[in-house]
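Residue numbers (full-length UniProt numbering): 1 to 107.
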């Protein structure tokens, strides 16, 4: 599963929202941070910004076995910063043929 494709779909969908001016992803210390510039005229608060991010995340993950995690970091005028990650499932999704303890065929 290519998470870069999911990120690109997410960012393009998020940028099309009416309350968002622009958005970008920046990696700092190996952690992806989401920088969202909101329209100042729409009077957006943190809760509304999170709702827009959640909606775009669900849209980008449609049909995939992913989850996401979003945590608010800070706000500066129209700039909202979130720690945002797409997470892949930790369970095995196929049999490798090595008769593992957690093989999907043993369930």
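All residues carry an ideal CB built from backbone N, CA and C; glycine is no exception.
Ignore the nearest five residues each way along the sequence and tell me which others in residue 20's own chain have a CB closer than 8 Å to its CB.
For residue 20, where only same-chain residues beyond five positions count, the Cβ hits under 8 Å are 14, 36, 37, 38, 39, 52.
Leaving out five residues before and five after residue 67 in sequence, what residues of the same chain have Cβ atoms less than 7 Å from its Cβ?
Counting only Cβ-Cβ distances below 7 Å, and skipping sequence neighbours, we find 87.
Which class does residue 83 belong to by DSSP, given the choice of helix, strand or coil?
In this structure, residue 83 counts as strand in the three-state DSSP scheme.
To the nearest angstrom, how far is the alpha carbon of residue 74 from that of residue 30?
Cα-Cα distance, rounded: 18 Å.
Nearest-angstrom Cα distance between residue 108 and residue 94?
In the structure as shown, the chain starts at 1 and stops at 107, and residue 108 therefore has no counterpart that could be examined.
Among 47, 6, 4, the one whose alpha carbon lies nearest that of residue 81
It is 47.
Name the residue from 84, 11, 16 whose alpha carbon lies nearest to the alpha carbon of residue 72.
Ranked by Cα distance from residue 72, the options 84, 11, 16 are led by 84.
Looking only at its own chain, which residues have a Cβ that is under 8 Å from the Cβ of residue 6, when we skip the five neighbours before and after it?
Excluding its 5 nearest sequence neighbours in each direction, residue 6 has C-beta neighbours in its own chain below 8 Å: 60, 61, 64, 66, 86, listed in chain order.
Does residue 52 come out as helix, strand or coil in the three-state DSSP assignment?
Helix at residue 52.
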